[in-house]
Each structure stands twice: as structure tokens, then as C-alpha cells.
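Novice:
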Amino acid sequence: MQGGLGPAGERPHVAPIYQTSIYEYADASAADAAAEGGAYIYSRYANPTVEALEAAVASLEGGDEACAFASGMGALAATLLALGRGAHVLVSDGIYGGTTELATGLGPSLGLAVESVPAWDLDAVEAHLRTETRVLLVETISNPLLRVVDLPALAALCHRNGTALVVDSTFASPALVRPLAHGATAVVHSASKYLSGHGDVIGGVVVAARPVLEGIRLRRKLLGANLAPFEAFLTLRGLRTLGLRLPRQCDNAAAVARHLQGHEKVRAVHYPGLSHHPDHERASRLLARPGAMVSFEVANVAEARRFYDRIRVFHRAASLGDVASLVTHPVSFSHRGVPADARRAAGITEGLLRLSVGIEDEADLLDDLDQALA
Numbered sequence: 002m003q004g005g006l007g008p009a010g011e012r013p014h015v016a017p018i019y020q021t022s023i024y025e026y027a028d029a030s031a032a033d034a035a036a037e038g039g040a041y042i043y044s045r046y047a048n049p050t051v052e053a054l055e056a057a058v059a060s061l062e063g064g065d066e067a068c069a070f071a072s073g074m075g076a077l078a079a080t081l082l083a084l085g086r087g088a089h090v091l092v093s094d095g096i097y098g099g100t101t102e103l104a105t106g107l108g109p110s111l112g113l114a115v116e117s118v119p120a121w122d123l124d125a126v127e128a129h130l131r132t133e134t135r136v137l138l139v140e141t142i143s144n145p146l147l148r149v150v151d152l153p154a155l156a157a158l159c160h161r162n163g164t165a166l167v168v169d170s171t172f173a174s175p176a177l178v179r180p181l182a183h184g185a186t187a188v189v190h191s192a193s194k195y196l197s198g199h200g201d202v203i204g205g206v207v208v209a210a211r212p213v214l215e216g217i218r219l220r221r222k223l224l225g226a227n228l229a230p231f232e233a234f235l236t237l238r239g240l241r242t243l244g245l246r247l248p249r250q251c252d253n254a255a256a257v258a259r260h261l262q263g264h265e266k267v268r269a270v271h272y273p274g275l276s277h278h279p280d281h282e283r284a285s286r287l288l289a290r291p292g293a294m295v296s297f298e299v300a301n302v303a304e305a306r307r308f309y310d311r312i313r314v315f316h317r318a319a320s321l322g323d324v325a326s327l328v329t330h331p332v333s334f335s336h337r338g339v340p341a342d343a344r345r346a347a348g349i350t351e352g353l354l355r356l357s358v359g360i361e362d363e364a365d366l367l368d369d370l371d372q373a374l375a
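For the sequence shown, the numbering used here assigns the number 2 to the initial residue and increments by one for each residue that follows.
#1: Could you check whether G85 and V136 sit closer than 8 Å to each other, using their CB atoms as the reference points?
#2: Could you give the first and the last residue of the continuous beta strand (DSSP E) run that contains D94?
#3: Quick check on this structure: which residue in A104, V208 and A176 has the alpha carbon closest to the alpha carbon of F70?
#4: Rounding to the nearest angstrom, what Cα-Cα distance links T141 and V150 in this structure?
#5: Going by beta-carbon coordinates alone, are A255 and G274 separated by less than 8 Å?
#6: Exposed or buried, what is Y46 when buried is set at 16 or more other beta-carbons lying within 10 Å of its beta-carbon?
#7: What are the start and end residues of each continuous beta strand (DSSP E) run of 3 or more residues lying completely inside the stretch 246-301, in chain order?
#8: Say whether the stretch 153-162 touches the stretch 101-108, bearing in mind that this needs 3 or more beta-carbon pairs closer than 8 Å, one atom from each stretch.
#9: When the Cα atoms are used, what is the spatial distance from H183 to V167?
#10: So, at 6 Å on beta carbons, what are the nonlocal neighbours of A305 in its own chain, with the 5 sequence-adjacent residues on each side left out?
#11: State whether the stretch 355-371 contacts the stretch 243-251, with contact taken as three or more CB pairs (one from each stretch) at a distance under 8 Å.
#12: Starting from R355, trace the beta strand (DSSP E) both ways and give me its first and last residue.
#13: Whole angstroms are fine: how far does the CA of R317 sit from the CA of Y309?
#14: Could you check the C-alpha separation between H190 and A67 for me, to the nearest Å?
#15: Could you give the DSSP three-state label for R345: helix, strand or coil?
#16: So A319 and S296 are supposed to be a Cβ contact under 8 Å. How far apart are they, rounded?
#17: Counting only the same chain and skipping the five closest in sequence on each side, list residues whose C-beta sits under 7 Å from that of S193.
#18: Can you give the beta carbon distance from H89 to E116, rounded, assuming they're within the 8 Å contact cut?
#19: Enumerated in chain order, which unbroken segments of the alpha helix (DSSP H) with a length of 4 residues or greater are wholly contained in the stretch 23-84?
#20: Measure the CB-CB distance between Y24 and I42 and report whether it falls below 8 Å.
#21: Rank R268, G64, A341 and L219 by C-alpha distance to the C-alpha of A187 and give the top, closest one.
#22: What does the alpha-carbon distance come out to for the pair A347 and A120?
#23: Need the endpoints of the beta strand (DSSP E) that E140 sits in, please.
#24: Tell me the DSSP secondary structure of R12 in three-state form.
#25: Give the straight-line distance between the Cα atoms of H264 and L366, rounded to the nearest whole angstrom.
#26: Excluding five sequence neighbours on each side, which residues of the same chain lie with their C-beta closer than 7 Å to the C-beta of P145?
#27: Could you pull the start and end residues of the beta strand (DSSP E) that E116 belongs to?
#28: Buried or exposed: A34, going by 16 or more other Cβ atoms within 10 Å of its Cβ?
#29: Could you give the uninterrupted runs of the alpha helix (DSSP H) lying entirely in the stretch 192-249, keeping only those of 4 residues or more?
#30: Less than 8 Å between the C-beta atoms of H281 and H271, yes or no?
#31: For L152 versus A289, is the C-beta distance shorter than 8 Å?
#32: Do the CB positions of T236 and L61 come within less than 8 Å of each other?
#33: Compute the distance between the beta-carbons of S326 and F315, then report whether it is under 8 Å.
#34: Taking only three categories from DSSP, how would you classify L107?
#35: My understanding is that S93 touches V118, with C-beta atoms under 8 Å, so please give their C-beta distance in whole angstroms.
#36: Excluding five sequence neighbours on each side, which residues of the same chain lie with their C-beta closer than 7 Å to the C-beta of G338?
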């Protein structure tokens, strides 16, 4: 909670919002010193409020430094550009549709030779690694089927091959796992989700060792993908309650998953906390809790849309990590831009619904699911 506020003494209790684009200097010598990197110049380069957030997230993740971005996608793009450097990049199957579109759609035009691989299958990853593979990009908990990767084993494979392991840990947050401690090269978050937690921020953060972040930070500066001070302030405020919000969300998610598992209209439930989940043992070993996301399948797209229209307590919104419970239909939203054959290959059916479970009363959530499925 105190990360990023500086040493004790006369520090502010809450990080101030430095809502400024520029900084003034006393004289020419001070301006020269600033130009040499000794002070603030322009908020696209650095801002005190943003740096307070970066210090806090770096502390939570156990990393050297962090670099905050205007969005999670900006953070991912800069990381791939910095670490991929025109070489072979492996991207996990079955992850966020926007990431897939970024890697496969824009990657080639940026000089990246992109190939997909089921990252939860270690043999498949090892078979796809090449001498020139510079990056393996995975999600700790995948979106939307909630597969869990073996971070220590992937890190070992990557280290032997000289490959950077980049982990999007948005679904887990540092409250559930710290990928750097398991050998990851860099950790990426969409700060719009669990870090801020209230649906009022668009932002992203990358945490890594200082030498790794140098190239990422340069790309943020040159591409203008910097986070605004007010968004940094809101994210810092959200971080103060992460340790309170997420346990309640995880408790509710476990109850929701168990409840859906026994419903006659539900064909499948995807939740790492359930014993039948293919990565249950791995999740139990790696994660402090199984997370607060639940996905489930109904018979077809018509049934999915019917459920979506009837839901009352859950909010119909295409995001996650909010204190309010949310529902989305991946085929219509997060994976709409992914070709249908690629969705089917990843197991993303037209009847799949994804729930981001919030902090509401458990009984209210279960009753809402029942009436929407009735």
C-alpha cells in the first residue's frame, strides 16, 4: 500500500496528481541537467504520479522496475517490439482475441514471424522453439477458457533456448502469482482490470529487470503510449484494496462455478478450481487462489444470447476484474475478430459465456444465474 510514495517522513499519504505536461527550471544549468536525464522534462517521458504507480506495481510483482502505458495492448505491443526485434515469436493459443489479432495481424508488418502454440503443452512448446525464437508470449490464466500454464517449466525451456518469456498475468494479478519469481522475463498487466478494479481506467503496465525495460520504455516514449497522471492516480487507489477485493471475488467465483456445474442447461464449466479442470493440479500448485473468472457453455448461440439478455445482477460489459460482476459473450466481443476456424480450434464455442465475478452477495449472484438460465 505504501509502494511508490517515497521514504517515510513528510511524504504524502496519497500520491498527488501531477496534472502537468511540462516542468519548469530555475536557470540554464538546471535545464541542462534535466536534458541529461536528471529531472522531469515532459510527461510523455516521465511523470511523478505515473512513476509512483510504476514503483507500486514493481514492488507487488517483485521486479526491478515497471513501465506504465495508456493501455494493456500498448504495453504488450511495446514489449513484443522491444524483445522480438524482427525474429521468431511464439504466441499461446486460446488467449485474448486482441492479443491474437495484434500478433498475427500486425506482427508480420512489424517484422515479427509469429507462430501459435498451445502453451499448456510443454512438449508442443519445446517442439516449436527455434534457435531464432526470441519471445514466448503466454497468459497465466488464459482468456476465455482459463487454461493455466506451467510457468517454471516454460521458463526453464525459454532460458535454455535464449528466449524471453513474456507473461500476461492480467487474470491473476500479483495477488495470486508473481511470474518473475518463476523465471519470467517480463510481466504485463492490463491495469484496467484487477489492478484498478473499478471499471474507470484504461491502462497497462510492464514489470521486468532494468535492462529489459530500457527498450520497452524507449518505445513507449517514441510511440506516445504513456499513461495519463489521473489514470495512474485511479490505479494507485485501486491497488490499495486489491488484497480485499480479490479474495471476495475468488470466493464468489468458486461458488458460481460449483453452482453452474450442477445446472441441467450448462454443458461445461471452465474454472481452475474445479477438480475436472485439465490444469487443476497446476493451478493448485502455482496460484494462491484459482481466480475470479468463470466460463461456461450452453447449447448454442441462441441460448447464450438468451442468457445474456435475461441477466440482471451481472452487468453486460466486455471487460473483467471489476468489483461488479460482468458477463460477456466471447464470440461476439473479445474474440469477434478471430477467424471462426481459429476459435473452434481453440475450443471457443458459440455457446461460451465468460463471467467476471465481483464482490456482490453470493446468493444474489446464484439466483441471477438461475433465473437467466430458466
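Beta carbons are placed, not taken as given, at the ideal position from N, Cα and C, and that holds for glycine.
Specialist: On the basis of the data shown:
#1: yes
#2: It is not in any beta strand (DSSP E) - D94 carries neither H nor E in the DSSP assignment.
#3: V208
#4: 6 Å
#5: In this structure, G274 lies closer than 8 Å to A255 by Cβ.
#6: exposed
#7: Segments of the beta strand (DSSP E) lying fully in the stretch 246-301: 269-271 and 294-298.
#8: no
#9: 12 Å
#10: V299, H330, G352 and L354
#11: yes
#12: First-last of the beta strand (DSSP E) with R355: L353 to S357.
#13: 7 Å
#14: 11 Å
#15: helix
#16: So it is not a contact: roughly 14 Å between Cβ atoms.
#17: G73, V202, I203, G204 and S320
#18: 7 Å
#19: 29-34 and 49-62
#20: yes
#21: G64
#22: 12 Å
#23: T134 to E140
#24: coil
#25: 14 Å
#26: S296, P331, S335, I349, L353 and R355
#27: A114 to V118
#28: exposed
#29: Counting whole runs of 4 or more residues, the stretch 192-249 contains the alpha helix (DSSP H) stretches 211-224 and 230-240.
#30: no
#31: With respect to the 8 Å criterion, L152 and A289 are not classified as neighbours on the basis of their beta carbons.
#32: no
#33: yes
#34: helix
#35: 7 Å
#36: G98 and E102
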